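Residue numbers (the working numbering): 594 to 829. Take a look at the structure below.
Spelled out as structure tokens, the structure:
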């Protein structure tokens with residue numbers, strides 16, 4: 594049995610009761626970084642063996658599948674948030690399903706959902722792009738294609754590249770494009786920056802040091818004129 598277990602994106606109190614139950618009951622915890630996971634387990638007085646799972650090493654994937662096939666129950670975690678969502682895990686889930694191993698995915702913390710809820714941009718559709726390609730050309734193509742869907746776009750970025758990413762968004766989608774940037778969600782220094790992409794990029798560029806993980810929400814919906822509906826709404 595393989596459980597996908599979301600862990601807090603910052604504040605350890607955000608872990609769910611069910612996640613704690615699964616971690617306590619599992620035979621082994623598969624993790625991105627054993628040291629970081631051990632901090633989480635120790636905080637909740639959970640003593641379990643940990644095995645590092647490396648998404649980019651086929652041998653690591655195979656070892657984890659073999660462990661599951663031996664009858665052990667494993668809890669898959671990433672450093673923070675939900676595994677498989679811009680985090681390692683999807684290859685293991687794919688191979689586990691192929692091998693006939695039961696997989697259960699727990700609901701829990703997600704930086705994308707947390708940021709979108711606080712952005713106040715939509716209660717409906719959005720596009721999650723995660724971490725965009727490092728090459729500017731490829732990233733620009735993804736942004737341009739997603740913009741045409743006319744819904745908010747969610748992008749993850751590191752503190753080392755966030756200003757460059759905002760500048761790329763400005764160049765690709767226009768400097769007046771509205772954005773909401775969330776930094777260090779659920780942590781002590783949580784911060785929200787709102788404005789057009791040029792203003793937010795300038796604010797971050799003016800700082801002597803930029804720290805924390807970022808979620809960028811691009812409001813492509815706001816820039817579009819509402820279209821008249823030719824047909825009545827259909828509810829599914």
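Backbone N, C-alpha and C fix where the C-beta goes; we use that ideal spot for every residue, glycine too. Predicted model only: the values in this text are computed from it and were never measured.
Assigned with DSSP and collapsed to three states, residue 632 falls in helix. For the pair residue 697 and residue 689, the Cα-to-Cα distance works out to about 11 Å.
Beta-bridge pairing by DSSP links residue 788 to 772.
Short of 7 Å from the beta carbon of residue 793, and not among the five residues preceding or following it, lie these beta carbons of its own chain, in chain order: 759, 772, 774, 786. Note on geometry: alpha-carbon atoms of residue 619 and residue 662 lie some 14 Å from one another.
With distances taken between CA atoms, residue 637 lies nearest to 615 out of 648, 646, 615. In the three-state DSSP reduction, residue 760 falls in the helix class (H, G or I).
In this structure, residue 714 keeps its C-beta atom at 8 Å or more from the C-beta atom of residue 598. Note on residue 684: 16 or more other CB atoms within 10 angstroms of its CB, so buried under the neighbour-count rule. Residues of the same chain with a CB within less than 8 Å of the CB of residue 700, apart from the 5 flanking positions on each side, are 599, 609 in chain order.
Runs of the beta strand (DSSP E) spanning 3 or more residues and lying entirely within the stretch 673-749 occur at 696-698, 720-724, in chain order. DSSP links residue 810 through a beta bridge to 747, 773. From the listed residues 674, 722, 753, the smallest Cα separation to residue 702 is found for 674.
Its Cα nearest to that of residue 613, the residue 640 stands out among 640, 765, 783.
DSSP, read as helix, strand or coil, puts residue 644 in strand.
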